[in-house]
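Reading through the structure tokens given below for one structure.
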Amino acid sequence: MNLPGAQKGWSPDMLEFSLIAGILFGLFFALVGMGLNLVFGVMRIVNLAHGDFMMLGAFGAFWAYNLLGWNPLVTIPVQGLAFVLAGMALYYLLVPRLVALKDFEMISLVLFFGLSQTIEALAVLAFGNNPRSIFQPVFGQAPVHFLGRTFPVAWPVSAAVSLFFLILVYFYLYRTRAGYATRAVMASRDEASASGVNVDRISALTFGLGLLLASVAGMLSLFMLGSVSPDFGGNITITAFAVIVFGGLGDPVGTVLGGLLYGIGLMVMESYLSSWANILPYVLLLATLLVKPGGIMGKEVRHV
Amino acid sequence: MFRKPLDLGLVVLIPVLFALAPLAYNNQLLLFNAMVFLALAQGINIIYGFTGYLPFGYVGFFGAGAYGASLTVMFLHLPAPVAVLLGGLTALALGLVLSPLLRLSGVYFAIASLAASEAVYYVIANPGLVNITKGPYGVSLDRVYSPEFSYLVMAVIVGLVTAVVVYLKRSHLGLSLKAVRDDPLSSETAGIDVKRQRMLAWSWSALFAGLTGAVFAWQISVFYPGTVFDPSISIFAIVFTLFGGAGTVLGPILGTVVLYGVYNLIGITEPQYFQLIYGVLIMVLVLFLPEGIVSLLKRGGANVL
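Quick note, the sequences are listed as chains A and B, same order. Heads up: take any position in the first sequence, counting from 1, add 54, and you land on the working numbering. Heads up: take any position in the second sequence, counting from 1, add 55, and you land on the working numbering.
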């Protein structure tokens, strides 16, 4: 992973830099995982195209900036609405058909894998094969000084945007009626349905919300990960999956914790063991699945 | 083992056809790669078709075999056929190390196996291990380079993997594996050793991917870690298997011949069009034809192996 600005070599106060940068990146990774986890929570589907939707969000922000001169922060609500609608349409198109099939989880995995390949191919046809990035100082010129360290201004801005959306998800889930129903579906599809929750409508809405979060996280990837190309999806999907498994599948609060710990771990490794840092998501995923499948929160959300 | 003449016919005919094909068609590398994907598709078939475990990271075994064989040639200076065997055993060893993944249920297994292959790739490509694996700079096997001999060995491996799939299809083992796939709990109650049988299929599958990777390394002789751990190798093999029909002998053969043919027509010059075709194809298949194209033959009344 290409992290702009990460410093290399040994120094005593680098730990402090790694920790602060880790928290900034952690909020971003929590957002990356959140959309995937919400979709998993209500539908028990691993959306293998999650990273590809992030890629589309990044390209949307890139073109809005280059063609219309929109600041990425302005793009978020417009593009977000489009993603919510696309997600709901996609849900009604695919999922009711899937649920009827035998071995539904495995088949949906393969289906979303096909969707991921399709999106990637269409993106190459539409945008070409080049990595894209947005001129970093779009959020302001001056680097940020904090606790004696210097950061690119895009990092705290991205972290703040991530935090804003994480809080929004929290309020949605815990303070609104639809969120209440969403958590009921997460706990048990059948019982929620028996209690009069419109499971299909809630699931479609959650799928849309998951795609909205993916589009925001994708836009932020332009700043946090340097650049985005059409084949960006595969690895970031695995990273997102590692974060949510680590935090506990189907547990939104765990995802925030998982994202923060992942971000800190990644930045510490970038500082001290940079050549091994890219192995982190894979090892984390394997270790969690094999040793503590319920995630660090330890709640057995699901028997794996 | 081979109860019908067709069984033995397939096992012998396919490698012989491939061995003779270069006399009629001069693009030997294309034929070689077709054999590579055929062997990989049958390897996926052994684990997915008979146990329901879909290894997205199957290429990890392919790469492990390629590197196992290459390091054997570079450090032990053994002849290439021995190196191929050791490459296969390297992948088998990796399969044993990764066997705890079989404890996971299907979806988690699929993604975890992908993570495992990426982890192996990053270890081998790590600049810190440059003295052992040559890190990201790749290896060269020019000392044993022999495109003709390696081509024939690949044909033999295709015959062997076909034989294993025919055996699974006909034997009690294959039948009980399918029982385990469809209903593990009842199978266990019926006295089938579920873990041992899954382990067997997993090991065969890993071994053949390793052997294939090893011969691939021998054939091309200069490669980088990214060449033999390319995730699209797994993807191709999985798509070929699903397209043809998993759990049959003919399915992966048909799938590879048809789709690899299409790939060579349009995929090399316009890879994104090919990716679009198979992406859409997968979605249409799982929704409308989950048993692959051989199920069309079955519907037509044919008795498909």
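In this text, a Cβ means the ideal position worked out from N, Cα and C, and glycines have one as well. This structure is a prediction, so every number in the text was calculated from the model and none was measured.
Problem set entry | Neighbourhood of PHE278 (chain B) by C-beta distance below 6 angstroms, restricted to the same chain and skipping five residues each side | Within the second sequence, the letter at position 223 stands for residue 278 (chain B). Excluding residues within five positions, the ones whose Cβ falls inside 6 angstroms are GLY193.
Exercise. For the putative contact between VAL282 (chain A) and ARG186 (chain A), defined by C-beta atoms under 8 angstroms, what is the C-beta separation to the nearest angstrom?
Worked result: Within the first sequence, numbered from 1, the residue matching residue 282 (chain A) stands at position 228. Within the first sequence, numbered from 1, the residue matching residue 186 (chain A) stands at position 132. The Cβ separation is near 6 angstroms, so the contact holds.
Exercise. Nearest CA to the CA of LEU207 (chain B): which residue from B:LEU360, B:ARG354, B:GLY322, B:ALA74?
Worked result: Position 152 of the second sequence holds residue 207 (chain B). Among B:LEU360, B:ARG354, B:GLY322, B:ALA74, the Cα nearest to that of LEU207 (chain B) belongs to B:ALA74.
For this session: Return the CA-CA distance between ALA248 (chain A) and GLY161 (chain B), expressed in angstroms with no decimal places.
Result: Taking the first residue of the first sequence as 1, we reach residue 248 (chain A) at position 194. Taking the first residue of the second sequence as 1, we reach residue 161 (chain B) at position 106. Cα to Cα, the separation comes out at about 28 angstroms.
Exercise. Across which residues does DSSP place PHE92 (chain B) in a beta bridge pair?
Worked result: Counting from 1 along the second sequence, the entry for residue 92 (chain B) is found at position 37. Answer by DSSP bridge pairing: none, since PHE92 (chain B) is not bridged.
Problem set entry | Closer than 8 angstroms at the beta carbon, the chain A residues around ALA171 (chain B) | In the second sequence, counting from the first residue as 1, residue 171 (chain B) sits at position 116. Ordered by position in chain A, the residues that pass the 8 angstroms Cβ test against ALA171 (chain B) are TYR336, LEU340.
Exercise. Out of curiosity, what's the CA-to-CA distance linking GLN252 (chain B) and LEU223 (chain B)?
Worked result: Stepping through the second sequence from its first residue, residue 252 (chain B) is reached at position 197. Stepping through the second sequence from its first residue, residue 223 (chain B) is reached at position 168. Spanning the two alpha carbons is a distance of roughly 11 angstroms.
For this session: Would you check if the distance between the CB atom of VAL304 (chain B) and the CB atom of THR217 (chain B) is smaller than 8 angstroms?
Result: Looking up residue 304 (chain B) in the second sequence gives position 249. Looking up residue 217 (chain B) in the second sequence gives position 162. In this structure, THR217 (chain B) lies closer than 8 angstroms to VAL304 (chain B) by Cβ.
Exercise. Thinking just about the alpha-carbon of each residue, which of A:LEU343, A:LEU165, A:ALA208, A:VAL178 is nearest to the one in GLY280 (chain A)?
Worked result: As a working mapping, residue 280 (chain A) is identified with position 226 in the first sequence. If we check each option's Cα against that of GLY280 (chain A), A:ALA208 comes out closest.
For this session: Say whether chain C places a C-beta atom closer than 8 angstroms to the C-beta of ASN181 (chain B).
Result: Protein chains in the displayed structure are A and B, and chain C is not among them.
Problem set entry | Min CB distance SER281 (chain A) to chain B below 8 angstroms | Here residue 281 (chain A) is taken as the residue at index 227 of the first sequence, counted from 1. No, no contact with chain B.
For this session: Helix, strand or coil for HIS199 (chain A), going by three-state DSSP, please let me know.
Result: Counting from 1 along the first sequence, the entry for residue 199 (chain A) is found at position 145. Strand, per DSSP.
For this session: Using a Cβ cut-off of 7 angstroms, pull out every chain B residue sitting near PHE295 (chain A), in sequence order please.
Result: In the first sequence, the residue the question calls residue 295 (chain A) occupies position 241. Going along chain B in sequence order, the residues near PHE295 (chain A) (Cβ under 7 angstroms) are ILE166.
Exercise. Between the C-alpha atoms of ALA213 (chain A) and ASN91 (chain A), what's the straight-line distance to the nearest angstrom?
Worked result: Position 159 of the first sequence, counted from the first residue, corresponds to residue 213 (chain A). Position 37 of the first sequence, counted from the first residue, corresponds to residue 91 (chain A). Computed Cα separation, rounded: 19 angstroms.
Exercise. So ALA138 (chain B) packs on ALA269 (chain B), CB below 8 angstroms; how close in whole Å?
Worked result: Locating residue 138 (chain B) in the second sequence gives position 83, counting from the first residue. Locating residue 269 (chain B) in the second sequence gives position 214, counting from the first residue. The Cβ separation is near 7 angstroms, so the contact holds.
For this session: May I ask you to list, following chain order, the residues of the segment 325 to 344 of chain B that have a beta carbon less than 7 angstroms from some beta carbon of chain A?
Result: Against chain A - using a Cβ distance shorter than 7 angstroms - the residues of the segment 325 to 344 of chain B are GLN327, GLN330, LEU331, TYR333, GLY334, VAL335, ILE337, MET338, VAL341, LEU342.
Exercise. Over what stretch of residues does the alpha helix (DSSP H) that includes SER350 (chain B) continue unbroken?
Worked result: Taking the first residue of the second sequence as position 1, residue 350 (chain B) is located at position 295. Counting along the chain, the alpha helix (DSSP H) containing SER350 (chain B) begins and ends at 349 to 354.
Problem set entry | Reduced DSSP category for THR324 (chain B) - H, G, I as helix; E, B as strand; rest coil | Within the second sequence, residue 324 (chain B) is the residue found at index 269, counting from 1. Reduced to three states, the DSSP call for THR324 (chain B) is coil.
Exercise. For LEU157 (chain B), which residues of its own chain have a beta-carbon under 8 angstroms away from its beta-carbon, when the five flanking residues on both sides are left out?
Worked result: Numbered from its first residue, the second sequence carries residue 157 (chain B) at position 102. Result list for LEU157 (chain B): TYR108, PHE164, LYS250, ARG253, MET254, TRP257, in chain order.
Exercise. In chain B, which residues lie with their C-beta within 7 angstroms of the C-beta of ILE161 (chain A)?
Worked result: Mapped onto the first sequence, residue 161 (chain A) falls at position 107. ILE161 (chain A) reaches chain B at VAL341, PRO345, counting residues in chain order whose Cβ is nearer than 7 angstroms.
For this session: Under 7 angstroms Cβ to Cβ from PRO286 (chain B), same chain only, skipping five residues before and after it: list those, please.
Result: As a first step, residue 286 (chain B) is located in the second sequence; it is residue number 231 there, counting from the start. Counting only Cβ-Cβ distances below 7 angstroms, and skipping sequence neighbours, we find VAL114.
Exercise. By how many angstroms is the C-alpha of GLY134 (chain A) removed from the C-alpha of MET108 (chain A)?
Worked result: Your numbering for residue 108 (chain A) matches position 54 in the first sequence. Your numbering for residue 134 (chain A) matches position 80 in the first sequence. Their Cα atoms are separated by approximately 11 angstroms.
Problem set entry | Range covered by the alpha helix (DSSP H) that runs through GLY115 (chain B) | Here the question's residue 115 (chain B) lines up with position 60 in the second sequence. Residues 114 to 126.
For this session: Return the residue from the list B:SER276, B:GLY142, B:GLY334, B:ILE348 that minimises the CA-CA distance to GLY168 (chain A).
Result: For the purposes of this step, residue 168 (chain A) is taken as the residue at position 114 of the first sequence. For the residues B:SER276, B:GLY142, B:GLY334, B:ILE348, the minimum Cα distance to GLY168 (chain A) belongs to B:GLY334.
For this session: Would you identify the three-state DSSP class for THR204 (chain A), choosing helix, strand or coil?
Result: Within the first sequence, numbered from 1, the residue matching residue 204 (chain A) stands at position 150. If DSSP states are grouped into helix, strand and coil, THR204 (chain A) belongs with the strands.
Problem set entry | Residue environment, LYS156 (chain A), which counts as buried when at least 16 other CB atoms sit within 10 Å | Counted from its first residue, the first sequence places residue 156 (chain A) at position 102. Exposed, by the Cβ-count rule.
Problem set entry | is_contact[VAL153 (chain A), chain B] using C-beta, thresh 8 angstroms | Indexing the first sequence from 1 puts residue 153 (chain A) at position 99. With 8 angstroms as the cut-off, VAL153 (chain A) does not count as an interface residue toward chain B.
Exercise. Contact check, GLY233 (chain A) vs GLY87 (chain A) under 8 angstroms by CB: the rounded distance?
Worked result: Looking up residue 233 (chain A) in the first sequence gives position 179. Looking up residue 87 (chain A) in the first sequence gives position 33. So it is not a contact: roughly 18 angstroms between Cβ atoms.
Exercise. How many angstroms separate the CA atom of VAL349 (chain B) from the CA atom of GLY306 (chain B)?
Worked result: The residue labelled residue 349 (chain B) in the question sits at position 294 within the second sequence. The residue labelled residue 306 (chain B) in the question sits at position 251 within the second sequence. Those two C-alpha atoms are separated by around 6 angstroms.
Exercise. My guess is that ALA94 (chain B) and ILE212 (chain B) are in contact by the Cβ rule of under 8 angstroms, so how many angstroms apart are they, rounded?
Worked result: The residue labelled residue 94 (chain B) in the question sits at position 39 within the second sequence. The residue labelled residue 212 (chain B) in the question sits at position 157 within the second sequence. Rounded to whole angstroms, the Cβ separation of ALA94 (chain B) and ILE212 (chain B) is 6 angstroms, and the two are in contact under 8 angstroms.
For this session: Taking ARG225 (chain B) as part of the alpha helix (DSSP H), name the residues at either end of that continuous run.
Result: As a first step, residue 225 (chain B) is located in the second sequence; it is residue number 170 there, counting from the start. Where ARG225 (chain B) is concerned, the enclosing alpha helix (DSSP H) stretches over 202 to 225.
Problem set entry | Range covered by the alpha helix (DSSP H) that runs through ASN91 (chain A) | Position 37 of the first sequence, counting from 1, holds the residue named residue 91 (chain A). 68 to 97 is the span of the alpha helix (DSSP H), which, as asked, contains ASN91 (chain A).
Exercise. Bridge partners of PHE419 (chain B), per DSSP?
Worked result: Since the first and last residues shown for chain B are 56 and 360, residue 419 (chain B) lies out of range.
For this session: Would you verify that the beta carbon of PHE167 (chain A) is, or is not, closer than 8 angstroms to some beta carbon of chain B?
Result: Start at 1 with the first residue of the first sequence, and residue 167 (chain A) comes out as number 113. PHE167 (chain A) belongs to the set of residues whose beta carbon lies under 8 angstroms from a beta carbon in chain B.
For this session: Taking only beta-carbon positions, decide if TYR318 (chain B) is within less than 8 angstroms of chain A.
Result: Residue mapping note: residue 318 (chain B) aligns to position 263 of the second sequence, counting from 1. No, no contact with chain A.
For this session: Determine the DSSP secondary structure at VAL185 (chain B), reduced to helix, strand or coil.
Result: Reading the second sequence from its first residue, position 130 is the one you call residue 185 (chain B). Three-state result, VAL185 (chain B): helix.
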